[in-house]
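> Structure below; questions to follow.
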Amino acid sequence: MGWEDRIGRRLKLRDVHILLAVVQSGSMAKAAERLAVSQPVVSKTVADLEHTLGVRLLDRGRKGIEVTPFGQALLSRGIAAFDELRQGVKEIEFLADPTAGEVRIAGTPPMVAGLLPLIVQRLRHRHPKLAFQITETYSGPTFYHELRQRTVDFVIGRMIVGRLERDLDHEILFEDPALVAVGTQSRWTKRRKIELIDLIDDPWILPRPDTVAGAIVAATFRAQGLDVPSPAVITNCLPTMTALLATGSYLAILPQSFTRYVKHRPFKILPVQLTPTEGAVSIVTLKNRTLSPAARLTAACIREVTKPLARA
202 MGWEDRIGRR LKLRDVHILL AVVQSGSMAK AAERLAVSQP VVSKTVADLE
252 HTLGVRLLDR GRKGIEVTPF GQALLSRGIA AFDELRQGVK EIEFLADPTA
302 GEVRIAGTPP MVAGLLPLIV QRLRHRHPKL AFQITETYSG PTFYHELRQR
352 TVDFVIGRMI VGRLERDLDH EILFEDPALV AVGTQSRWTK RRKIELIDLI
402 DDPWILPRPD TVAGAIVAAT FRAQGLDVPS PAVITNCLPT MTALLATGSY
452 LAILPQSFTR YVKHRPFKIL PVQLTPTEGA VSIVTLKNRT LSPAARLTAA
502 CIREVTKPLA RA
């Protein structure tokens, strides 16, 4: 008995959708409420799926519902199928109205605060019906979680490409040198020649060491033969950094792209020569995933805007 007879005609996207709702809700009762159906319908759907596939998809215990490896394997493909269908609908909508669509982007703090507002403004000026959902993201175990869950179209930020997993594609846009920034009232703004070692004992604002930004900053100090200074403040929040820099009491290392695209800068860049470190700003996507026309349009606009930095 082949795929068509045994499973193909019995397995329906609606059934997988119900299974996904059960896993996300944590119980069949909550899934039924979420889907506006009765609990017996949910229970029967899951039981029929397990019977069709011949494996247990869910474990029922005192702690609630837990997905089995068999269920996880089905859901991982199911999420991809639902995403492709959603992208297909978006493509039809885009063909009907090329000025409309939604783009979901996850970006590192410098991109969210500097480049992406410029991209949104430019595209919204050309296509007023475009909508954007922008999420700030930090590196760590869950850095690409939203990308893999297909809740964002792509991630943009400075990446250490050698650390990317095999299921991801990257497109390098430009190198993004690190610069030393101080408030405009800082005593250091009057100096024309400064070495990084001259600043080592001043109050520093540094990013979390477990993030890509933290790794890049640490590499910047090590490249000068210096230990990372003990920070006065640890934060990856750029509004907090710039507000503290504005007092004139702190120093920070910022990416060139942020200093280029952010408006109303309350800081000044010091003439400190830093050794380039690994990492370039890239667009990261999920392999073999079809991006919506609106997402492709946004990526093209990002390339257009950042072309001067790529040449530099």
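Take the position in the sequence shown, starting the count at 1, then add 201; the result is the number in the numbering used here. C-beta: ideal position from N, C-alpha, C; glycine also.
If you drop the 5 nearest sequence neighbours on each side, which residues of the same chain put their C-beta closer than 8 Å to that of Leu-258?
Leu-220, Val-247, Leu-250, Glu-251, Val-268, Thr-269, Phe-271, Gly-272 and Leu-275
> Taking the alpha helix (DSSP H) that Gly-514 belongs to, which residues open and close that run?
Lying before the first or after the last residue shown, residue 514 is absent from the chain, which here runs from 202 to 513.
> Below 6 Å CB to CB, which residues in the same chain sit around Pro-430 once its five sequence neighbours on both sides are set aside?
Ile-401 and Trp-405
> Kindly give me the distance between the Cβ atoms of Asp-484 and Glu-376, rounded to whole angstroms, as I take these residues to be in contact under 8 Å.
The displayed chain sequence assigns Ile, not Asp, to residue 484. Incorrect: roughly 15 Å between the Cβ atoms, too far for contact.
> Pull up the CB-CB distance for Ala-511 and Leu-369, whole angstroms please, since I reckon it's below 8 Å.
At roughly 21 Å, the Cβ-Cβ gap does not stay under 8 Å, so Ala-511 and Leu-369 are not in contact.
> Would you please state the rounded distance, in angstroms, between the beta carbons of Pro-456 and Ile-395? I believe it to be under 8 Å.
Pro-456 to Ile-395, Cβ: 19 Å. No contact.
> Given a cut-off of 8 Å, decide if Val-506 and Ile-320 are closer than it, judged by their beta-carbon atoms.
yes
> Can we say the segment 460-467 touches the segment 378-387, given the rule of at least three CB pairs closer than 8 Å?
yes
> Excluding five sequence neighbours on each side, which residues of the same chain lie with their C-beta closer than 8 Å to the C-beta of Lys-330?
Asp-298, Thr-300, Ala-301 and Gly-302
> Pull up the DSSP beta-bridge partners for Ser-483, would you.
When beta bridges are read from the DSSP output, Ser-483 appears opposite Gly-358 and Ile-373.
> Can you check DSSP and say which residues form a bridge with Pro-456?
In the DSSP output, where bridge partners are listed per residue, Pro-456 has Ala-379.
> Can you tell me where the alpha helix (DSSP H) holding Lys-508 begins and where it ends?
494-512
> I need the DSSP call for Trp-204, collapsed to helix, strand or coil.
Low local confidence applies: a pLDDT of 46 at Trp-204 is under 50, so the model's placement there is unreliable, with the coordinate-based value given in what follows. In the structure shown, Trp-204 sits in a helix (DSSP, three-state: H, G or I).
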